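Some notes on the structure that comes next.
There are 2 protein chains.
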Amino acid sequence: MSENKIKNKQGMTEEQFLSIYDAGKYEKPSVTVDMLIFTVTKEEKKNYRKLSEKVLKLLLIKRGDHPFIGQWALPGGFVQMKESLDDAALRELKEETNIDHIYMEQLYTWGDVGRDPRTRVISVSYMSLVDSSTMDIRASDDADDAKWFSVSAKLYQEQKTVTEKGYVLQQLIKLNLSNEDDDLSALVKTVKTVEGKVTKVNREVVESNGIAADHAKIIAYGIERLRSKIKYTDIAFNLMPELFTLTELQQVYEVILDKELLKANFRRKTAEMVIETNEYTKDAGHRPSKLFRFNPNWINNME
Amino acid sequence: MSENKIKNKQGMTEEQFLSIYDAGKYEKPSVTVDMLIFTVTKEEKKNYRKLSEKVLKLLLIKRGDHPFIGQWALPGGFVQMKESLDDAALRELKEETNIDHIYMEQLYTWGDVGRDPRTRVISVSYMSLVDSSTMDIRASDDADDAKWFSVSAKLYQEQKTVTEKGYVLQQLIKLNLSNEDDDLSALVKTVKTVEGKVTKVNREVVESNGIAADHAKIIAYGIERLRSKIKYTDIAFNLMPELFTLTELQQVYEVILDKELLKANFRRKTAEMVIETNEYTKDAGHRPSKLFRFNPNWINNME
DNA sequence: GCAATAGTGTCTGTAAGACAATATCCA
DNA sequence: TGGATATTGTCTTACAGACACTATTGC
Numbered sequence: 001m002s003e004n005k006i007k008n009k010q011g012m013t014e015e016q017f018l019s020i021y022d023a024g025k026y027e028k029p030s031v032t033v034d035m036l037i038f039t040v041t042k043e044e045k046k047n048y049r050k051l052s053e054k055v056l057k058l059l060l061i062k063r064g065d066h067p068f069i070g071q072w073a074l075p076g077g078f079v080q081m082k083e084s085l086d087d088a089a090l091r092e093l094k095e096e097t098n099i100d101h102i103y104m105e106q107l108y109t110w111g112d113v114g115r116d117p118r119t120r121v122i123s124v125s126y127m128s129l130v131d132s133s134t135m136d137i138r139a140s141d142d143a144d145d146a147k148w149f150s151v152s153a154k155l156y157q158e159q160k161t162v163t164e165k166g167y168v169l170q171q172l173i174k175l176n177l178s179n180e181d182d183d184l185s186a187l188v189k190t191v192k193t194v195e196g197k198v199t200k201v202n203r204e205v206v207e208s209n210g211i212a213a214d215h216a217k218i219i220a221y222g223i224e225r226l227r228s229k230i231k232y233t234d235i236a237f238n239l240m241p242e243l244f245t246l247t248e249l250q251q252v253y254e255v256i257l258d259k260e261l262l263k264a265n266f267r268r269k270t271a272e273m274v275i276e277t278n279e280y281t282k283d284a285g286h287r288p289s290k291l292f293r294f295n296p297n298w299i300n301n302m303e
Numbered sequence: 001m002s003e004n005k006i007k008n009k010q011g012m013t014e015e016q017f018l019s020i021y022d023a024g025k026y027e028k029p030s031v032t033v034d035m036l037i038f039t040v041t042k043e044e045k046k047n048y049r050k051l052s053e054k055v056l057k058l059l060l061i062k063r064g065d066h067p068f069i070g071q072w073a074l075p076g077g078f079v080q081m082k083e084s085l086d087d088a089a090l091r092e093l094k095e096e097t098n099i100d101h102i103y104m105e106q107l108y109t110w111g112d113v114g115r116d117p118r119t120r121v122i123s124v125s126y127m128s129l130v131d132s133s134t135m136d137i138r139a140s141d142d143a144d145d146a147k148w149f150s151v152s153a154k155l156y157q158e159q160k161t162v163t164e165k166g167y168v169l170q171q172l173i174k175l176n177l178s179n180e181d182d183d184l185s186a187l188v189k190t191v192k193t194v195e196g197k198v199t200k201v202n203r204e205v206v207e208s209n210g211i212a213a214d215h216a217k218i219i220a221y222g223i224e225r226l227r228s229k230i231k232y233t234d235i236a237f238n239l240m241p242e243l244f245t246l247t248e249l250q251q252v253y254e255v256i257l258d259k260e261l262l263k264a265n266f267r268r269k270t271a272e273m274v275i276e277t278n279e280y281t282k283d284a285g286h287r288p289s290k291l292f293r294f295n296p297n298w299i300n301n302m303e
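Here the protein sequences line up with chains A and B, keeping their order. For the first sequence, full-length UniProt numbering gives the first residue as 1, with consecutive numbering after it. For the second sequence, full-length UniProt numbering gives the first residue as 1, with consecutive numbering after it.
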């Protein structure tokens, strides 16, 4: 493949061609990776008998310099010349959460021209799901101002306009990110245009309070993907500890989908995905429940 | 948002910071867009009574210069500083097929270090589906050596190894691309590692005959995505003309999924996606069939 | 009339949604 | 013992898969 002695129009072999190739000839954009790191944590119990509630959280970092100084951004950074995109994302994940063996998936690449005031920046976004119980607290440490925010994304307004050959569907998604100290929010507009056979989707940040750059729309997109994939894949188990009860698992689904599920049906659907153990929860203030683990041999017939 | 008078640790406002920001400080990768442009064409009828068969085709371009001189590559090119990724992809699509109002979707971003011998190249891949009947022949013109290849991707070998905490599934996909003059092929290895809760997928080109760079794996990935999305979205209609018969529609599904479907069931499933017209096919050598058009108001409850 | 495709009817098994009933721990 | 959760059962409806049957054209 590389033993190429063919000459091009200038009469050069590949070797000669490469030796004079000037990679710095054109101006180039910068490339970053941005990470959406999600986890689900338990909140305080309200009552010794009740179960603790679960909350979906996202890791954000406070920017200490321009641009967007003082605002919160997705962890991430420039891709080095000698590391692949995946490696760059893994490095970021390791640096921010000290976890290196966990689910990670490329989400989407954002490349609008005015995204960053410094220069043209193209950002490859990744989504990672981590189990809060095995996580090093490093990230929740104040040291470099990285903090977990509870997330919610709700449909705020929907508008459908029927046109000649189709319709335009405009949705406003209200994004809320908060913890003890900070309260961030954003409005993300999604416009779906259907005209004849052709469908186009456009996303735009309409309003952003405390969230850097266009990160609000990356977050909104990630949540959408998470909600969608949890229905037909096993990714939710990356948010679970080694052993868990079926109710805990259900709570994770509910907090991500933002809706309640019926217990009996949920158990039927997940039955093949888990393996029963002989262990039980204790001291729960009510009937103990059996602990399960993930079944790695689960076969997915949806994908 | 940009009216930021806050000063950073060096005492600079955002304005000052940006004025001295040097975008050329670090070495940067190059960024390209690569397009997978699919279409489905009719082949010759074998018999005046039989229907014409359909074939899935992909547009490739013959490289006229190093590297990979003489090999076939996906159309694409460097992203300009003043155009978004989508715009770059649209520009490529327009240049290659002269079509500008059609389905286009971002696929995946490929950024391994040794992808291109010239320099570090990160490639954002897009997939586009075009209706061959409305297409300008420009692309199939020999002028710049762009040609349609019929595509097939078949599972060639599958190997599952059970490990302690899961398994390793290795699949070899045989890719064949051909037209009257050229016959290209490649073997793409997909390794899925399941260990406990963590699943990783790795793709690699094992063998490539006449296909430039790592484009074989981009093609294999695109076909996989196409096969998957056709099941629960309306993207197939982008491959159809304005009016079509249900059998033609079914043929498109069959050629993409590479398997036969039952007529009655197919019609039930697509019933909501199409609108009946009063027109019929003629001179078919058998019973005429009703023509349909896409129903833009079809609501997808799978996505 | 016959080859070939167009179009419809129906049976079966499986899965999703809704709801009900029973079981078990522990302060 | 009662509050709370755990676990199982079952009815209904929807839909996917398989197969069979009828209809209509051109030559």
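All C-beta atoms in this analysis are idealised placements derived from N, C-alpha and C, irrespective of residue type, glycine included. This structure is a prediction, so every number in the text was calculated from the model and none was measured.
Check                                                                                                                                                                                       : Outcome
Could you pull the start and end residues of the alpha helix (DSSP H) that A88 of chain A belongs to?                                                                                       : 85-97
Comparing alpha-carbon positions, which option in A:R49, A:D214, A:S228 lies nearest E303 of chain B?                                                                                       : A:S228
Of the residues A:K28, A:K160, A:H286, which one's Cα is nearest the Cα of V113 of chain A?                                                                                                 : A:K28
Assuming W72 of chain A contacts K62 of chain A under a Cβ cut-off of 8 Å, what Cβ separation, rounded to an integer in Å, is found between them?                                           : 6 Å
For a contact meaning CB atoms closer than 9 Å, what does Q170 of chain A contact in chain B?                                                                                               : The premise fails here: Q170 of chain A is roughly 16 Å from chain B at the closest Cβ pair, so nothing lies under 9 Å.
Go through the UniProt domain "Nudix hydrolase" (28-174) of chain B residue by residue and report every complete run of the alpha helix (DSSP H) that reaches 4 residues or more, in order. : 85-97
Return the residues of the segment 110-135 of chain A that lie within a Cβ-Cβ distance of less than 7 Å from chain B, sorted by chain order.                                                : G111, D112, V113, P117, R118, T119, R120, I122, V124
Throw me the rounded Cβ distance for the K189 of chain B and L172 of chain B pair, which I believe falls under 8 Å.                                                                         : 6 Å
Taking the beta strand (DSSP E) that Y26 of chain A falls in, what are its first and last residues?                                                                                         : Here Y26 of chain A belongs to no beta strand (DSSP E), and DSSP marks it neither H nor E.
Counting only the same chain and skipping the five closest in sequence on each side, list residues whose C-beta sits under 7 Å from that of A186 of chain A.                                : L175, V205, E207, S208, N209, I211, A216
Determine the direct distance from the alpha carbon of I122 of chain A to that of E158 of chain A, and round the result to whole angstroms.                                                 : 30 Å
Looking only at DSSP bridge pairs, what is I275 of chain A linked to?                                                                                                                       : A:R293
Which residues in the same chain as K165 of chain B place their Cβ atom closer than 7 Å to its Cβ, once the five residues preceding and following it in sequence are excluded?              : E195, G196
Tell me the DSSP bridge mates of N176 of chain A?                                                                                                                                           : A:S152, A:S185
Please report the straight-line C-alpha distance between G64 of chain B and A88 of chain B, rounded to a whole angstrom.                                                                    : 21 Å
Considering only DSSP beta bridges, list what R203 of chain A is partnered with.                                                                                                            : A:T190
Check the Cβ-Cβ distances between L18 of chain A and every residue of chain B, and say whether any is below 7 Å.                                                                            : yes
Given a threshold of 16 other Cβ atoms within 10 Å of its Cβ, counted over all protein chains shown, does G222 of chain B qualify as buried or as exposed?                                  : buried
Output, in chain order, the set of chain B residues within a Cβ distance shorter than 7 Å of H286 of chain A.                                                                               : Residues of chain B passing the Cβ test: none, with the nearest at roughly 28 Å.
Please list, in chain order, the chain B residues whose beta carbon lies closer than 7 Å to that of T27 of chain A.                                                                         : The residue you asked about is not Thr; residue 27 of chain A is Glu in the sequence shown. M81, listed in chain order.
Taking all protein chains shown into account, decide if A264 of chain B is buried (16 or more other Cβ within 10 angstroms of its Cβ) or exposed.                                           : exposed
Of all the residues that make up the segment 194-210 of chain B, which are near chain A by a beta-carbon distance shorter than 9 Å?                                                         : V194, E195, G196, K197, V198, T199, K200, S208
Alpha carbon to alpha carbon, how far is I102 of chain A from E260 of chain A? Give it in angstroms, no decimals.                                                                           : 27 Å
Is the Cβ of V31 of chain B closer than 7 Å to any Cβ of chain A?                                                                                                                           : yes
Just confirm the distance between the C-beta atoms of D86 of chain A and I218 of chain A, as a whole number of angstroms; I'd bet it's less than 8 Å.                                       : So it is not a contact: roughly 18 Å between Cβ atoms.
Would you identify the three-state DSSP class for N209 of chain A, choosing helix, strand or coil?                                                                                          : strand
Among A:V124, A:P117, A:D100, A:D258, whose alpha-carbon lies nearest the alpha-carbon of L107 of chain B?                                                                                  : A:V124
If T193 of chain B and V168 of chain B are in contact, beta carbons under 8 Å, what's the gap, nearest whole angstrom?                                                                      : 5 Å
Compare the C-beta of F294 of chain B with all C-beta atoms of chain A and state if any pair is closer than 7 Å.                                                                            : yes
Chain B beta carbons: is any one of them nearer than 7 Å to that of F38 of chain A?                                                                                                         : no
I need the straight-line Cα distance from Y126 of chain B to D145 of chain B, nearest angstrom please.                                                                                      : 21 Å
Note the first and the last residue of the continuous alpha helix (DSSP H) segment covering E242 of chain A.                                                                                : Per DSSP, E242 of chain A belongs to no alpha helix (DSSP H) and is neither H nor E.
In chain order, what residues of the same chain have a beta carbon less than 8 Å from the beta carbon of M1 of chain A, not counting five sequence neighbours either side?                  : Confidence at M1 of chain A is low in this model, with a pLDDT of 45, below 50, so its placement is unreliable and the value that follows should be read with caution. If we look at M1 of chain A and ignore the five residues flanking it on each side, it has no Cβ neighbours.
Taking C-beta pairs closer than 8 Å, name the residues in chain A that D65 of chain B reaches, listed in chain order.                                                                       : N8, K9, F17
Taking only heavy atoms of the ligand FMN into account, decide whether any of them is closer than 6 Å to the Cβ of T109 of chain A.                                                         : Questions concerning the ligand FMN fall outside what the structure shown contains, since it holds no ligand whatsoever.
Alpha carbons only, please: which of B:A284, B:V274, B:V55 is nearest the one belonging to R293 of chain B?                                                                                 : B:V274
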